[in-house]
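Numbering of the sequence shown is given in full-length UniProt numbering, commencing with residue 1 and proceeding in unit increments. Glycine residues also receive a C-beta, built at the ideal position from the N, C-alpha and C atoms. What you are looking at is a predicted structure, and each value in this text was computed from that prediction instead of being measured.
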Amino acid sequence: MPGATDTKPTKPLKNPCNLCQSVRAILKRPKTGQQLCKECFFHVFETEIHNTIVDNKLFNKGDRVAIGASGGKDSTVLAYVMKLLNDRYSYGLDLVLLSIDEGITGYRDDSLETVKRNRDQYQIPLLIISYKDLYGWSMDDIVKEIGRKNNCTFCGVFRRQALDRGAIMLNVDHIVTGHNADDIAETVLMNILRGDLPRLQRCTSIITNDTSEDSSGIETSKILRSKPFKYTYEKEIVMYAYFKKLDYFSTECIYSPNAYRGHARVFLKDLEAVRRTAIVDIIHSGEALSASVQANESTKLPTMANCTRCGYISSNELCKACLLLEGLNKGLPQLGIGHTTKIRRMHEAASLTSGLSSPASLSPPTAGGSAEENVKVVTHIKDLGQLATMPTLDSDNDGSLDKDNNTSEDNTPVDGWQRTVDGLPDYTAEPRGRAKGVEWKLRAKGRNFVDFCRIKVSGGQGGDGCVSFHREKFVAFGQPNGGNGGRGGNVIFEASSNETSLQHIPHTASAPRGVHGKGSLMHGHAGKDLIIKVPMGTIIREVPSPEKEKSAEDEDEELFHKSLELGETEAKDKEMSKRWVLYPRLANSLTALPEGKVNYFEEAQAWVAEEDRIVEARRAAMSKKPLLLDVNEHTEDGTQFMVGRGGGGGYGNPHFLTTQNRAPKYATRGREGQTRWLTLELKTIADAGLVGLPNAGKSTFLQAVSNAHPAIAPYPFTTLNPYIGTVDYSDSYQVKVADIPGLIRGAHMNVGLGHSFLRHVERSKVLVYVIDIAAEFGIKRKVKGVDDWTPEEDLEQDETKDDESASLKSPQDEDPNAVNAEYSQPFEDWKTLLDELEAYQPGLTRRPSMIIANKADVTEVAPKNLQLFQKLVHDEWAKRRVANSSATDNYDIKIVPVSAKYKKNIVKVTSILREIVEAEKAKESVAAARKEQREREEEEEALAFKATRRNIMNNSQNE
1 MPGATDTKPT KPLKNPCNLC QSVRAILKRP KTGQQLCKEC FFHVFETEIH
51 NTIVDNKLFN KGDRVAIGAS GGKDSTVLAY VMKLLNDRYS YGLDLVLLSI
101 DEGITGYRDD SLETVKRNRD QYQIPLLIIS YKDLYGWSMD DIVKEIGRKN
151 NCTFCGVFRR QALDRGAIML NVDHIVTGHN ADDIAETVLM NILRGDLPRL
201 QRCTSIITND TSEDSSGIET SKILRSKPFK YTYEKEIVMY AYFKKLDYFS
251 TECIYSPNAY RGHARVFLKD LEAVRRTAIV DIIHSGEALS ASVQANESTK
301 LPTMANCTRC GYISSNELCK ACLLLEGLNK GLPQLGIGHT TKIRRMHEAA
351 SLTSGLSSPA SLSPPTAGGS AEENVKVVTH IKDLGQLATM PTLDSDNDGS
401 LDKDNNTSED NTPVDGWQRT VDGLPDYTAE PRGRAKGVEW KLRAKGRNFV
451 DFCRIKVSGG QGGDGCVSFH REKFVAFGQP NGGNGGRGGN VIFEASSNET
501 SLQHIPHTAS APRGVHGKGS LMHGHAGKDL IIKVPMGTII REVPSPEKEK
551 SAEDEDEELF HKSLELGETE AKDKEMSKRW VLYPRLANSL TALPEGKVNY
601 FEEAQAWVAE EDRIVEARRA AMSKKPLLLD VNEHTEDGTQ FMVGRGGGGG
651 YGNPHFLTTQ NRAPKYATRG REGQTRWLTL ELKTIADAGL VGLPNAGKST
701 FLQAVSNAHP AIAPYPFTTL NPYIGTVDYS DSYQVKVADI PGLIRGAHMN
751 VGLGHSFLRH VERSKVLVYV IDIAAEFGIK RKVKGVDDWT PEEDLEQDET
801 KDDESASLKS PQDEDPNAVN AEYSQPFEDW KTLLDELEAY QPGLTRRPSM
851 IIANKADVTE VAPKNLQLFQ KLVHDEWAKR RVANSSATDN YDIKIVPVSA
901 KYKKNIVKVT SILREIVEAE KAKESVAAAR KEQREREEEE EALAFKATRR
951 NIMNNSQNE
């Protein structure tokens with residue numbers, strides 16, 4: 001047509017934006033599922049946050065607002081959006097960035113660089129406050145103290161208080177944080193699960209406030225907190241930061257993967273995958289529940305007050321931060337975790353000081369305060385922020401507790417200990433908590449070291465044989481092709497130098513059974529061997545089974561009772577199925593064989609029964625001599641010992657194929673594995689063993705000469721398990737020294753866990769007696785639990801108890817408080833050790849030995865005790881050499897005074913110890929060479945005897 005123009009039809013837009021319909025959508029909004037373009041997404045995201053701010057009236061014009069900045073996606077987007085909306089809608093806010101440095105190496109130090117770049121990009125002032133400056137502890141220090149568990153509790157409590165202190169320093173009216181909808185929903189779930197109503201109210205409220213009051217109860221400060229991202233999904237924040245190309249730090253905290261919040265986060269993501277509005281629905285549910293709780297007048301909520309130590313808002317006398325910090329400073333990191341007795345005691349102690357002049361409380365500036373007052377308050381906060389230098393509950397200062405703050409008004413200790421004049425615990429009394437002695441201590445600490453156990457080992461049962469026949473087209477009467485079962489797994493003990501305890505040994509150890517055979521002559525593979533690693537020095541003994549073994553009469557009686565219950569036929573079939581695998585319907589055909597037909601199954605039963613008899617006889621012959629294995633120092637690492645043999649596999653039906661029986665329809669089941677009851681006893685292997693009474697300084701000496709770090713404390717029975725330390729010399733020579741737990745009188749009769757301690761002395765080549773030389777001169781010591789045992793406690797019915805008790809009593813038993821210049825308590829301690837070792841194992845004290853006179857730094861009594869001790873020891877040793885004619889006693893025992901605490905005279909001790917150990921090892925090498933030569937000669941004699949016998953037999957045959 002004239003005047004018409006050729007217009008090309010426009011191509012419809014693919015996946016247009018749901019809002020503008022003019023641009024292609026590039027994302028799907030997680031909250032609603034809308035397909036949006038980039039610009040529409042920016043508009044929706046920013047408008048939603050603006051509406052949240054306006055609808056909830058978060059700010060007033062002229063407010064000074066601190067933005068919590070961490071460098072992550074949430075805080076970076078929050079700073080950017082707050083700056084953008086403040087300029088676009090003229091909020092009139094004075095924005096500042098407030099960042100907290102928790103002191104996490106590899107995480108926070110890098111994210112702070114991002115915060116500094118954001119400061120320059122958005123032109124917003126920045127203040128950084130560190131945990132180290134406020135509390136004296138960084139998160140790295142805290143994690144080193146408490147481990148990876150509960151560290152988020154410390155970080156969260158300290159961070160919240162640090163934000164408030166930083167806000168006071170900046171004199172702001174409002175704090176905004178980047179908590180998004182996902183964070184709030186996770187917190188709602190956790191608070192509902194643990195029934196924490198106060199926290200539920202705070203986490204669902206978009207505005208919270210931290211109010212402080214002065215002594216008259218008048219409100220002095222009100223710093224508001226708000227969450228503009230309360231209804232914003234985390235995924236949308238990530239999308240906004242990505243498309244805006246914002247500079248943020250995306251690495252997760254290295255300590256947060258172990259946080260409990262992670263479980264709630266995983267659960268929430270699963271809910272969101274099912275229903276995208278689940279996050280907002282949970283928040284609204286939390287708001288409704290919080291409103292119902294607030295409307296219910298019967299619900300009692302905690303009353304907020306101020307901490308008596310730092311003045312921070314708290315519902316208790318002491319705030320959570322003070323409790324946690326007190327625990328860190330006192331070496332009790334778990335003090336503020338959970339509701340423990342020590343927390344209640346601290347609250348009681350704080351309440352006692354409430355009537356006195358308590359530490360200066362936190363006094364934030366008032367809204368209308370002068371600038372000078374605000375500067376003073378900020379200075380006060382900076383000084384008060386050094387909580388590490390604040391007076392603790394144990395300090396002796398005016399306005400706090402008494403000097404001995406661990407006692408109540410009636411001088412009764414809070415923790416139950418009876419105290420001496422010096423304020424140290426008196427362990428001769430019976431305080432609460434130690435009344436049960438060593439057993440209580442073992443339960444309290446958890447006995448991770450095990451040196452004796454009993455185990456039942458069972459080899460795996462063999463796999464069953466298979467009944468199968470070859471099936472192929474045009475092939476009639478296929479041959480039997482059932483495979484044999486696999487052998488059961490063996491139980492094997494493997495010597496390992498990396499194991500130091502029997503704690504990992506189970507009570508029962510059963511190896512896997514073999515795999516059943518299959519058709520087409522596929523034999524089952526053997527069961528996997530069960531390998532249990534045992535430490536060097538373990539002695540393995542076979543003991544009788546505590547289970548009652550069934551005799552032949554008992555088995556017949558049991559079969560008779562089963563026949564009464566099930567019927568004779570069913571009972572026989574059930575008993576037969578324990579040993580045989582039968583082809584379907586074979587059992588019925590065996591009972592109704594025609595006359596004249598041979599029962600080949602009975603022949604197979606007789607043959608298998610004879611084989612079982614031979615196998616059982618072989619097992620009985622092998623088990624006549626009980627198993628006894630010694631994994632000593634001569635055993636190579638990785639040596640294996642089979643202690644439970646697996647049962648043989650069953651036979652498949654081809655095994656019973658004969659010229660007469662061409663189609664055997666039965667197979668045997670696998671045999672049971674070998675079962676044994678064993679006891680494992682660990683005896684520590686070391687070149688030298690430290691032997692002494694409790695609290696003699698053995699652990700201190702071991703720490704002084706080696707890199708071992710055993711427990712050290714000023715009370716008896718500190719060491720309950722042996723510790724091995726290695727003494728390194730300049731020429732790379734090494735000596736292993738074992739710290740044996742302290743022995744007491746009567747240890748050879750298992751008094752005070754004596755046997756469990758003494759067994760570790762047996763394998764020491766050299767005995768080193770550690771004697772406390774700092775005992776009171778001429779006075780008998782009487783420490784409860786160490787020196788108070790008498791033989792009458794266990795030998796009341798023994799006719800020889802009078803003689804034995806007289807031999808164990810010292811001359812000063814009649815009058816312990818009398819001073820006798822000829823009496824030496826160190827010498828009595830040494831004699832006690834000799835008597836206990838000799839009574840436990842005769843000849844044990846004849847091993848090479850030396851004496852360490854420890855605590856020689858106590859100059860008041862040590863010189864007197866040492867002089868008398870040396871004289872008495874040499875006299876006693878001379879008597880013992882005369883009484884014992886053994887060549888090993890023909891040496892003078894050396895006494896070396898040392899101070900293990902201050903590492904005095906340690907070089908001399910190690911030099912003498914090396915000489916003794918080298919001499920003993922040389923003797924062992926000579927003895928081992930002689931033994932090897934003797935065995936070689938015996939072997940040569942046996943070979944020569946066999947050759948002579950063979951020649952005689954050959955000559956006789958030739959004749």
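Compute the Euclidean distance between the alpha carbons of residue i and residue j, then round it to the nearest angstrom.
i, j, result
"Leu-657", "His-525", "23 Å"
"Arg-225", "Asp-55", "16 Å"
"Thr-538", "Asn-632", "7 Å"
"Asn-955", "Glu-935", "30 Å"
"residue 969", "Leu-325", "Within the shown structure, residues of the chain are numbered from 1 to 959, placing residue 969 beyond reach of any answer."
"Arg-148", "Ser-138", "14 Å"
"Ile-128", "Gly-106", "17 Å"
"Ala-878", "Asp-687", "26 Å"
"Val-735", "Ser-925", "16 Å"
"Glu-252", "Thr-177", "18 Å"
"Asn-905", "His-504", "40 Å"
"Ala-919", "Leu-758", "24 Å"
"Leu-58", "Ile-237", "20 Å"
"Phe-229", "Val-188", "15 Å"
"Trp-830", "Asp-630", "31 Å"
"Ser-250", "Ala-167", "26 Å"
"Lys-765", "Asp-637", "21 Å"
Taking the alpha carbon of residue i as the reference point, which residue from the options has its own alpha carbon closest?
i, options, result
"Ile-206", "Asp-183, Phe-42, Asp-196", "Asp-183"
"Gly-460", "Glu-616, Gly-670, Glu-876", "Gly-670"
"Arg-275", "Gly-646, Lys-31, Arg-160", "Lys-31"
"Ala-321", "Arg-165, Leu-19, Ala-609", "Arg-165"
"Tyr-180", "Arg-24, Asp-133, Ser-75, Lys-904", "The question names Tyr, but residue 180 is Asn in the sequence shown. That would be Ser-75, whose Cα lies nearest to the Cα of Asn-180."
"Tyr-242", "Phe-42, Ile-455, Pro-826, Asp-196", "Phe-42"
"Tyr-723", "Tyr-733, Asp-739, Ser-732", "Asp-739"
"Ser-545", "Arg-662, His-50, Thr-508, Asn-316", "Thr-508"
"Phe-701", "Tyr-231, Arg-513, Val-907, Cys-155", "Val-907"
For residue i, which three-state DSSP category applies?
i, result
"Phe-601", "helix"
"Cys-203", "helix"
"Ser-925", "helix"
"Gly-33", "coil"
"Thr-659", "coil"
"Leu-758", "helix"
"Asp-141", "helix"
"Val-378", "Interpretation of Val-378 is limited by its pLDDT of 35, a score under 50 that renders its predicted location unreliable; no figure is taken from the coordinates."
"Gln-674", "coil"
"Val-907", "helix"
"Phe-42", "helix"
"Ala-4", "Below a pLDDT of 50, predicted positions are generally treated as unreliable, and Ala-4, at 46, falls in that range; the measurement from the model is reported next regardless. It is coil, neither helix nor strand."
"Ala-942", "helix"
"Asn-490", "coil"
"Leu-641", "The question names Leu, yet the displayed sequence has Phe at residue 641. Correct three-state label for Phe-641: strand."
"Lys-625", "coil"
"Gln-21", "coil"
"Glu-636", "coil"
"Gly-156", "helix"
Looking at the strands, I want to know which residues DSSP matches up with residue i.
i, result
"Lys-533", "Glu-494"
"Phe-59", "Per DSSP, none; premise fails for Phe-59."
Where in the region 236–277 do unbroken runs of the alpha helix (DSSP H), each at least 4 residues long, occur, reported from the N-terminal end onward?
261–274, all fully within the region 236–277.
Would you mind listing the beta strand (DSSP E) stretches within the region 169–201 that are 3+ residues and don't spill past its ends, in chain order?
Fully enclosed beta strand (DSSP E) runs of 3 or longer: 174–176.
Which whole runs of the alpha helix (DSSP H) in the region 832–884 are 4 residues long or more, in chain order?
Counting whole runs of 4 or more residues, the region 832–884 contains the alpha helix (DSSP H) stretches 862–883.
With a floor of 3 residues, list each beta strand (DSSP E) that falls wholly inside the region 86–150, ordered by position along the chain.
Counting whole runs of 3 or more residues, the region 86–150 contains the beta strand (DSSP E) stretches 94–101, 126–130.
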